[in-house]
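Peer 1: Residue numbers (our numbering): 8 to 326.
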Ligand SMILES: [Zn+2]
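This is the structure:
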């Protein structure tokens with residue numbers, strides 16, 4: 008077991024470095040990349056290997072620069088030297104890996120969910136088509152605890168009378184009300200929760216801006232979630248192993264990561280790595296991305312390759 012290594016900041020790249028630190032501790036991804044021969048996937052593999060094995064304090068700067076140039080070249084929304092969003096970088100990196108490697112990185116992070124509508128007049132339940140998600144966007148509002156965010160995410164939403172009509176009833180019901188709730192139908196190996204800290208708004212003068220919710224959120228290192236399968240709730244245990252945090256404002260902020268290696272937590276801020284406390288016990292915690300690993304035997308690489316390949320480009324579970 009080696010300590011994580013620092014990652015040089017090559018110009019406001021802490022948003023990428025923080026995600027790379029967590030991916031360095033994502034064994035399933037490293038296994039998937041094991042045979043990679045070229046492209047961005049190979050660059051990522053080399054960097055993640057270096058993070059875990061190099062005997063220097065820091066990974067080679069040229070590895071970081073090659074990888075980021077390659078991702079930014081493919082996804083024109085990033086620019087070297089400009090601060091960006093670490094969740095967007097995570098998704099963009101997965102797309103690059105998908106394109107360049109024989110394997111399917113989405114098989115590691117992807118789950119399925121659907122919407123369930125219930126109508127008060129006929130009592131019919133009507134499920135939407137399942138949708139894939141790579142991460143779940145957690146509403147923060149005034150919540151202080153991750154449990155409340157998850158509860159809010161799954162909660163029932165009520166629709167006005169006759170706003171939605173039941174598809175199972177042949178004749179249109181009058182004065183019917185509907186509720187909708189989110190049902191998780193397949194939980195992923197690695198569950199990524201994105202706190203809804205950043206929200207777009209339009210200023211009085213009509214300019215689009217982003218506002219940040221700096222609220223503290225308590226979270227736990229061990230979590231139990233259920234997926235619904237053929238009418239049964241199947242429970243799974245998850246363990247936290249990576250946290251990406253953002254401090255400061257939109258204009259001047261900084262991303263850091265906390266990663267668990269073996270039984271120890273490390274705090275990572277670009278080149279700076281220090282043994283740290285369990286981030287779940289930090290009362291000032293303002294997490295942005297939480298990475299939970301499903302307990303159990305875990306997927307084998309052959310399982311990942313046999314899963315259907317990722318087709319949708321927009322899989323955000325925005326609820
Ligand atoms: Zn009905």
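No residue lacks a Cβ here, since even glycine has one placed at the ideal position from N, Cα and C. Please read these numbers as outputs of a predicted model, since none were measured by experiment.
Compare the Cα-Cα distances from residue 130 to each of 74, 184, 189 and report the closest residue.
Peer 2: Taking the first residue of the chain shown as 1, we reach residue 130 at position 123. Cα-wise, what sits closest to residue 130 is 184.
Peer 1: Give me the Cα-Cα distance between residue 244 and residue 260, rounded to the nearest whole angstrom.
Peer 2: For the purposes of this step, residue 244 is taken as the residue at position 237 of the chain shown. For the purposes of this step, residue 260 is taken as the residue at position 253 of the chain shown. Approximately 33 Å between the Cα atoms of the pair.
Peer 1: At which residues does the alpha helix (DSSP H) containing residue 94 begin and terminate?
Peer 2: As a first step, residue 94 must be located in the chain shown, where it is residue number 87. Per DSSP, residue 94 belongs to the alpha helix (DSSP H) from 93-107.
Peer 1: Thinking C-beta only, is residue 275 closer than 9 Å to residue 265?
Peer 2: Residue 265 sits at position 258 when you count from the first residue of the chain shown. Residue 275 sits at position 268 when you count from the first residue of the chain shown. Their beta carbons are under 9 Å apart, which means residue 265 touches residue 275 by this criterion.
Peer 1: Starting from residue 260, trace the beta strand (DSSP E) both ways and give me its first and last residue.
Peer 2: Residue mapping note: residue 260 aligns to position 253 of the chain shown, counting from 1. Its beta strand (DSSP E) spans residues 260-268.
Peer 1: What separation, rounded to the nearest whole angstrom, lies between the Cα atoms of residue 230 and residue 154?
Peer 2: Along the chain shown, read from residue 1 onward, the residue named residue 230 stands at position 223. Along the chain shown, read from residue 1 onward, the residue named residue 154 stands at position 147. Straight-line Cα distance between these residues: approximately 9 Å.
Peer 1: Taking C-beta to C-beta, are residue 250 and residue 191 nearer than 9 Å?
Peer 2: Here residue 250 is taken as the residue at index 243 of the chain shown, counted from 1. Here residue 191 is taken as the residue at index 184 of the chain shown, counted from 1. No; because the gap between Cβ atoms is not below 9 Å, this pair is not in contact.
Peer 1: Can we say the stretch 156-168 touches the stretch 204-216, given the rule of at least three CB pairs closer than 8 Å?
Peer 2: Segments in contact, no.
Peer 1: Is it the case that the CB of residue 128 approaches a heavy atom of ligand 1 more closely than 8 Å?
Peer 2: Locating residue 128 in the chain shown gives position 121, counting from the first residue. It does: the Cβ of residue 128 is within 8 Å (strictly closer) of some heavy atom of ligand 1.
Peer 1: Rank 217, 51, 24 by C-alpha distance to the C-alpha of residue 280 and give the top, closest one.
Peer 2: Your numbering for residue 280 matches position 273 in the chain shown. It is 24.
Peer 1: If we call anything under 9 Å between Cβ atoms a contact, is residue 60 one with residue 106?
Peer 2: The count along the chain shown starts at 1 and reaches residue 60 at position 53. The count along the chain shown starts at 1 and reaches residue 106 at position 99. Result no, Cβ atoms of residue 60 and residue 106 do not sit closer than 9 Å.
Peer 1: Just the C-alpha distance for residue 72 and residue 56, rounded to the nearest angstrom, thanks.
Peer 2: If you number the chain shown from 1, residue 72 lands on position 65. If you number the chain shown from 1, residue 56 lands on position 49. About 16 Å.
Peer 1: Nearer than 8 Å: is that true of the beta carbon of residue 103 relative to any heavy atom of ligand 1?
Peer 2: Working through the chain shown from its first residue, we reach residue 103 at position 96. No - ligand 1 has no heavy atom lying nearer than 8 Å to the Cβ of residue 103.
Peer 1: Does the count of Cβ pairs from the stretch 107-116 and the stretch 79-90 closer than 8 Å reach three?
Peer 2: Touching, no.
Peer 1: Whole angstroms is fine: what's the gap from residue 220's alpha carbon to residue 204's?
Peer 2: Counted from its first residue, the chain shown places residue 220 at position 213. Counted from its first residue, the chain shown places residue 204 at position 197. If I take the Cα positions, the gap works out to 5 Å.
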